[in-house]
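Read through the structure below, which is laid out as structure tokens, and then see the notes.
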Amino acid sequence: MSALEGNCGALFVYGSLLDEARRVELLGRKVAATPARLTGYECRRGRYFYIVERGGAETTGLVLSGLGERDFAVLDRYEEVPRLYTRAKVEAAGASGTVLRCWVYLPAPALLEA
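Taking the numbering used here, the leading residue of the sequence shown gets 81, the next gets one more, and so forth.
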């Protein structure tokens, strides 16, 4: 059982938030980041990165852990929730195959129409 399992303070990232400097700029501190993959989702890019459900697909990224309410408020503003993205709970696979329960940003209809 992973330390992140059941942790709602975790977030799977796959786009601009893979960049540690961007995360530090937004959050004002470094946060723990673990390599992970999200099965059943394909990463795409239009104006912004986004993922969509697709059988057999896999998106690689990171699971950020130790995030609090303030962090999610900052990240939600950055991701323009609810206009461009929504936040949903998913299960990602860690490098050792552990299941990591976390949030992920999914595209809102306005993002897909852009």
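Note that the Cβ used here is the ideal one computed from N, Cα and C, for glycine as well.
Nearest Cα to ALA188 within the set PHE129, ALA101, GLY89: PHE129. The way I'd put it, the segment 151–163 doesn't touch the segment 113–125; fewer than three beta-carbon pairs between them come closer than 8 angstroms. In the three-state reduction of the DSSP assignment, ARG102 falls in the helix class. Beta-carbon to beta-carbon, VAL111 and SER145 are separated by about 7 angstroms, close enough to satisfy the 8 angstroms threshold.
Inclusion of LEU97 and VAL170 in the CB contact set at 8 angstroms is not warranted, their separation being larger than that value.
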